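Residue numbers for the sequence shown follow numbering that gives the first Met the number 0, beginning at 0 and rising by one. Report on the following structure.
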Amino acid sequence: MAMAGRLNYKQLNYFWRVAKSGSVARAAEHLRLAPQTISGQIATLEEALGTELFRRSGRRLELTSAGELALTYAEDIFQIGGELEEVLRNRPGKGDVLFRVGVADVVPKSIAYRLLAPALALPVRVRVVCREDKLERLFGELAIHKLDLVIADRPLPAGLGVKGYNHALGRASIAFFGAPALAARYREGFPQSLHGAPLLMPGDGAAMRGAIVRWFSEHRIVPRVVGEFDDAALMEAFGKAGAGIFPAPAILADEIRAQFDAGIIGLAENVAAKYCAISIERKLTHPAVVAVSEAARKHLFVEDAVPAPR
Numbered sequence: 000m001a002m003a004g005r006l007n008y009k010q011l012n013y014f015w016r017v018a019k020s021g022s023v024a025r026a027a028e029h030l031r032l033a034p035q036t037i038s039g040q041i042a043t044l045e046e047a048l049g050t051e052l053f054r055r056s057g058r059r060l061e062l063t064s065a066g067e068l069a070l071t072y073a074e075d076i077f078q079i080g081g082e083l084e085e086v087l088r089n090r091p092g093k094g095d096v097l098f099r100v101g102v103a104d105v106v107p108k109s110i111a112y113r114l115l116a117p118a119l120a121l122p123v124r125v126r127v128v129c130r131e132d133k134l135e136r137l138f139g140e141l142a143i144h145k146l147d148l149v150i151a152d153r154p155l156p157a158g159l160g161v162k163g164y165n166h167a168l169g170r171a172s173i174a175f176f177g178a179p180a181l182a183a184r185y186r187e188g189f190p191q192s193l194h195g196a197p198l199l200m201p202g203d204g205a206a207m208r209g210a211i212v213r214w215f216s217e218h219r220i221v222p223r224v225v226g227e228f229d230d231a232a233l234m235e236a237f238g239k240a241g242a243g244i245f246p247a248p249a250i251l252a253d254e255i256r257a258q259f260d261a262g263i264i265g266l267a268e269n270v271a272a273k274y275c276a277i278s279i280e281r282k283l284t285h286p287a288v289v290a291v292s293e294a295a296r297k298h299l300f301v302e303d304a305v306p307a308p309r
């Protein structure tokens, strides 16, 4: 029998509860309903869908192939429903501007803060909802309009199937840092001094990794890589402990010196981390997005010189 009308979400919820709990009895206890009620509603759902969702294996219920497919959709439906409830419950007050931004996990947190801070300085009240994740997942959320902006270290790739627009924010020169003993040891003779030196490297997901590798190759330097990190803050923490030398944007030199007691060793000439904002709009109109873009281009990413070693 073909299903007529709309999907009955109450019946789908009963199916989802049984599938998640593994039994009608447990689902009935959670929902405070009679087991017969739940079984009857699931049977009605199966009839409407024209397929069985469960089969019995002894005393146990097992999902059929159709049931497994239905469960994946039900998971998404009820997850989105939960997110909708949370958003509506905690929506900004009257006059507030909601700014939903995703930050790629390879972007240093200090850079992310510097980029987003201008949004909080607007004359209107802005509520920032900030998510950090892998770039591919953030692109997916941008595509379904769950984010207003993604801060990344690379543009949106062509052919990904996500409609979005790249807005260059600027570039930051890369320098090498190390704990005091390492900095003192490898500063003299830089960059050749890095040949054989213990090095902490960004993970494969970081765009600047390729530029650093090419820079080493051009200078015929082969460091001893002792660690690779997706998270820049974790890499810096290892650097603070003296595990190795690490690369970071030169504009963060004073902060790295103060927070991690790490001194600058030298600047990697012609190596830079590039940052961009990716939005679903070709012409930026969201006030917070405009503030982030303009402030980055005008004030944040200026040509940085090597700070004096300390």
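For glycine and all other residues, C-beta sits at the position ideal for the given N, C-alpha and C. Just so you know, these numbers come straight off a predicted model, no measurement behind them.
Taking a C-beta distance under 8 Å as the contact criterion, ALA27 and ILE37 qualify as a contact pair. Taking a cut-off of 8 Å on C-beta distances, the region 252 to 272 touches the region 176 to 194, as three or more cross pairs fall below it. In this model, ILE110 and LEU70 are separated by some 40 Å (Cα to Cα). Put simply, the region 193 to 210 touches the region 220 to 235. At least three CB pairs are less than 8 Å apart.
Collapsing the DSSP output to three states places GLY238 in a helix. ILE244 and PHE189 do not touch by the CB rule: their CB atoms are close to 10 Å apart, not below 8 Å.
Only buried fits SER172, as 16 or more other CB atoms lie within 10 angstroms of its CB. If you draw a straight line from the Cα of ALA18 to the Cα of LEU251, it is about 51 Å long. When Cβ pairs closer than 8 Å are counted between the two stretches, the region 95 to 108 is seen to touch the region 126 to 135, the count reaching three or more. The three-state reading of DSSP puts ASN12 in helix, counting H, G and I together. For the pair LEU44 and LEU11, the CB atoms are nearer than the 8 Å cut-off. Within 10 angstroms of the beta-carbon of ILE277 lie 16 or more other beta-carbons, which makes it buried. The alpha-carbon separation between GLY39 and ALA73 amounts to approximately 19 Å.
In this structure, DSSP gives HIS166 an extended state, which the three-state scheme calls strand. For ARG126, DSSP records a beta bridge to LEU97. Of THR50, LEU97 and GLU187, the smallest CA-CA separation from ASP147 is found for LEU97. If you draw a straight line from the Cα of VAL23 to the Cα of GLN35, it is about 9 Å long.
Comparing alpha carbon positions, the residue from LYS108, ALA118, TRP214 and PRO246 closest to ALA294 is ALA118.
Distance between VAL212 and ARG219, taken at the CA atoms: about 10 Å.
Taking the C-beta atoms as reference points, VAL270 is found nearer than 8 Å to ALA210.
When rounded, the separation of the alpha-carbon atoms in PHE53 and TYR164 is 45 Å. Beta bridge pairing from DSSP links LEU70 with no other residue. For VAL289, the uninterrupted alpha helix (DSSP H) run begins and ends at 286 to 294, by DSSP.
Under the 10 Å beta carbon count, ARG16 is surrounded by 16 or more other beta carbons and is classified as buried. Secondary structure at ARG55: strand, using DSSP grouped into helix, strand and coil. With a 10 Å radius around the Cβ and a threshold of 16 neighbouring Cβ atoms, HIS144 comes out exposed. By the Cβ neighbour-count rule, VAL125 is buried, with 16 or more other Cβ atoms within 10 Å of its own. In the three-state reduction of the DSSP assignment, VAL225 falls in the strand class.
Buried is the label assigned to PRO248, since at least 16 other Cβ atoms lie within 10 Å of its Cβ. Taking C-beta separations shorter than 7 Å and ignoring five residues to either side along the sequence, the partners of VAL289 in its chain run LEU283, following chain order. As the crow flies, the alpha-carbon of PRO156 is around 50 Å from that of LEU32.
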